[in-house]
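Per the working numbering: the sequence shown = residues 15 to 527. Just so you know, even glycine gets a beta-carbon here, dropped at the ideal spot from N, CA and C. I have placed the structure first, in the form of structure tokens, so that the comments after it can refer back to it.
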Amino acid sequence: MDHADAQLAAEFGYKPVLKREFGLFSTFSFAVSISGLFATVMTTMIYPLEAGGSSAVVWCWLISGFGCMCLACSVAELASAYPTSGGLYFTISRLVPQDWVPSISWYVLTGWLNLLGQICGVASSEYGGAQMLLAAVSMARDFDYEITTGTTVGVMAALTITTGLINSLSTYWMEKITKFYVIFHILVLVSCSIALLAMTENKHDASYVFGHIESSTGWQPIGFSFLFGFLSSSWCLTDYDAASHLSEEIRNPEVMVPWAISSAMLFTYLAGFVFNIVLCFCMGDVSGILSSPTQQPVAQIFYNSLGKTGGIIFTVSALLIIKFVTWTAMQALGRTVFACARDRMLPFSSVWTQVNSKTGTPLNAVWISTFFCIAINLIALGSYTAISAVFTLCSIALDWSYCIPILCKLFFGKFKRGPWHMGKLSPFVNAWACLWTLFVSIIFVLPTARPVTAENMNYACVFLVFVLLFALVYWYISGKKFYHGPITEGAVVDDYLAESNTSQKPDKTGTRV
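Here it is as structure tokens:
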């Protein structure tokens, strides 16, 4: 029996049912794909541009990215110690006193921080993909094409269904697709940067790129407006635990998963900093790209510098990259639904834990995830401003779902580190990660423009409060009665271990009650 399967059964109390197809390179590629750097910068660069201009794009990425790296390394440390598809939700059962496990784990996952964040992440990426596709169409028709919200929503739904179909493949094929992604992404990133620097005739100078500040948000003083630029890097550098949700499909996950999380985020942080600088040198007039008929400022940069053909090529490349993002993010989301259903946290749990005999994957969990990702984007039909809050909510919900276990690790002293850890630096990195998340969360729930109206209101805080209140009510009506935290499939696991004739014995001190 695979060592990781033995550990899953003996130490964590779960019967292995998923195939371990992912190796070192494919796990790294999966972790890189979650950020989708080239495409996510394209969909979120508008925030720092409006907040503070070129300097906000550059410095907000550098500053915020460091806080994000601290959070990513803290998540990696937990993933090394507890490699299950439940991700950080499962860690609560090992980090807090037993009486606290049900309520805290309920709010980490079914309390819809992590699960809500993942749904918003896939949904917003699909919406961004639809915008990119329509931007390419607009370029191809020389901007003689009106992009409407209804059309964008329709394209989004079609793209999301293709994501569900891709995730209906077996883990074997998903692993092969994932391997290809990181190579394609790096080639696009490098070739686009070189092309922009070579083809842009009137580039800005360094003093403009690193020092120019202009804001169109209406916030005063302008230094406060500048802070809204953190949204771009925080949205790109998030979903750190996605790879951990594949722990039961990865060989040697206690080492590979944290290595993939930390190295992939470091790559994205540094490469993103360089790419943003390139875009700022080549972007031309800010007001011109912000008012682009494509509704995508970066797509307009491609068009202005590289012409119609170059603009279409790199915009379509961004679409392919963001589709890779949604494929891998949906895979992580489906495994999260599978994991919490396995712990009897969801209605009709037995349905979402079914593993298809042909693909070896939880197809029901994938398709219910697909449904909700489409459903949340239908908000755009009523208000485009409201759907923009989904971008913000993704970052807030996910990052706080990470901070809760990290805070429990610091306060309760029950953490037993895995093979990958930060040693004596760990508590300091953990503390800064939580403080940084608190700081940016306050900024992200504020309206990004003034004066505040119904059209520019930031509805992320409304959505977040609604979901948390729903979770609280659901907890007292039903959850408190039947949910007792992550459960152990003790009898099944004993049978599995006996059949496998493993020589490894369970650690009695680490086995859950």
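Under a Cβ-count criterion, where at least 16 other Cβ atoms within 10 Å of its own Cβ denotes burial, should Q234 be classed as buried or exposed?
-> As a working mapping, residue 234 is identified with position 220 in the sequence shown. Classification for Q234: exposed.
Tell me whether the beta-carbon of A278 lies closer than 9 Å to the beta-carbon of I420.
-> Counted from its first residue, the sequence shown places residue 278 at position 264. Counted from its first residue, the sequence shown places residue 420 at position 406. No. Outside cutoff.
Which value, in whole angstroms, describes the spacing of the CA atoms of M153 and S68?
-> Translated into positions along the sequence shown, residue 153 becomes position 139. Translated into positions along the sequence shown, residue 68 becomes position 54. Cα to Cα, M153 sits roughly 25 Å from S68.
Check the C-beta distance from I457 over to L241 and give it rounded, since I have them as a contact under 8 Å.
-> Locating residue 457 in the sequence shown gives position 443, counting from the first residue. Locating residue 241 in the sequence shown gives position 227, counting from the first residue. The pair is a contact, with the Cβ atoms about 5 Å apart (cut-off 8 Å).
R108: buried (16+ other C-beta within 10 angstroms of its C-beta) or exposed?
-> Sequence index remark: in the sequence shown, residue 108 carries index 94 (1-based). Per the 10 Å Cβ criterion, buried.
F36 (DSSP reduced to helix, strand or coil) = Position 22 of the sequence shown, counting from 1, holds the residue named residue 36. In the structure shown, F36 sits in a strand (DSSP, three-state: E or B).
Can you list, in chain order, the residues of its chain whose CB lies under 6 Å from that of M146, leaving out five sequence neighbours each side?
-> On the sequence shown, residue 146 is found 132 positions in, with the first residue counted as 1. Here the set comprises T329, A332, L333.
With 16 as the cutoff for other CB atoms within 10 Å, does A220 come out buried or exposed?
-> For the purposes of this step, residue 220 is identified with residue 206 of the sequence shown, where counting begins at 1. By the 10 Å Cβ count, A220 comes out exposed.
Reference L210; option with closest CA among I291, T467, E189, S248 = Working through the sequence shown from its first residue, we reach residue 210 at position 196. Of the candidates I291, T467, E189, S248, the one whose C-alpha sits nearest the C-alpha of L210 is I291.
Nearest CA to the CA of L92: which residue from V466, C408, C422, F244?
-> Reading the sequence shown from its first residue, position 78 is the one you call residue 92. Of the candidates V466, C408, C422, F244, the one whose C-alpha sits nearest the C-alpha of L92 is C422.
Does the separation of the CB atoms of I390 and A137 fall below 9 Å?
-> Within the sequence shown, the letter at position 376 stands for residue 390. Within the sequence shown, the letter at position 123 stands for residue 137. Yes.
Leaving out five residues on either side along the sequence, give the residues of the same chain with a beta carbon under 6 Å from the beta carbon of G125.
-> Numbered from 1 along the sequence shown, position 111 holds the residue referred to as residue 125. With a pLDDT of 49 at G125, under the threshold of 50, the predicted position of this residue should be treated as unreliable, though the coordinate-derived value follows. Cβ within range, chain order: A485.
CB of H435 within 9 Å of CB of S119, strictly | For this step, residue 435 is matched to residue 421 along the sequence shown. For this step, residue 119 is matched to residue 105 along the sequence shown. Not closer than 9 Å, so no.
Compare the Cα-Cα distances from S78 to each of T451, D255, L320 and report the closest residue.
-> Position 64 of the sequence shown, counted from the first residue, corresponds to residue 78. Of the candidates T451, D255, L320, the one whose C-alpha sits nearest the C-alpha of S78 is T451.
Any idea what DSSP makes of I291, helix, strand or coil?
-> Here the question's residue 291 lines up with position 277 in the sequence shown. Correct three-state label for I291: helix.
Report yes if the CB atom of N2 is closer than 9 Å to the CB atom of G348, and no otherwise.
-> Summary: the structure shown does not reach residue 2, with the chain confined to residues 15 through 527, and so no result is reported for it.
Same chain only: Cβ atoms within 6 Å of M170, ignoring 5 sequence neighbours per side = Numbered from its first residue, the sequence shown carries residue 170 at position 156. Taken in chain order, the residues that qualify are E140, Y141, A144, N391.
Top-ranked residue by Cα proximity to T162, from L412, Q368, Q309, F426 | Taking the sequence shown and counting its residues from 1, one reaches residue 162 at position 148. When each option's Cα is compared against that of T162, the closest is Q309.
Could you check what DSSP says for I3 in three-state terms: helix, strand or coil?
-> Here the chain covers residues 15 to 527 and nothing more, so residue 3 does not appear.
Taking the alpha carbon of S363 as the point to measure from, which residue in M344, L38, T350 has its own alpha carbon closest?
-> Position 349 of the sequence shown, counting from 1, holds the residue named residue 363. When each option's Cα is compared against that of S363, the closest is T350.
Run the CB neighbour count on F429, radius 10 Å, all protein chains shown included, and call it buried at 16 or more, exposed below.
-> Stepping through the sequence shown from its first residue, residue 429 is reached at position 415. Result: buried.
Selected residue, minimal CA-CA separation from I608, among H199, A274, A355, A353 | For the chain, the structure presents residues 15 to 527; residue 608 sits outside this window and is missing.
Applying the criterion that 16 or more other CB atoms from any shown protein chain within 10 Å of the CB defines a buried residue, is P441 buried or exposed?
-> The residue labelled residue 441 in the question sits at position 427 within the sequence shown. Counting Cβ neighbours within 10 Å, P441 comes out exposed, since fewer than 16 surround it.
Burial state of V264, where buried means 16 or more other Cβ atoms lie within 10 Å | Translated into positions along the sequence shown, residue 264 becomes position 250. Correcting the residue identity first, residue 264 is Ile in this sequence and not Val. Classification for I264: buried.
In chain order, each alpha helix (DSSP H) run of at least 4 residues that lies wholly inside the stretch 418 to 478 = 440 to 458
Pick from V339, C417, T98, K438 that is closest to I191, judged by C-alpha positions | Residue 191 sits at position 177 when you count from the first residue of the sequence shown. With distances taken between Cα atoms, I191 lies closest to V339.
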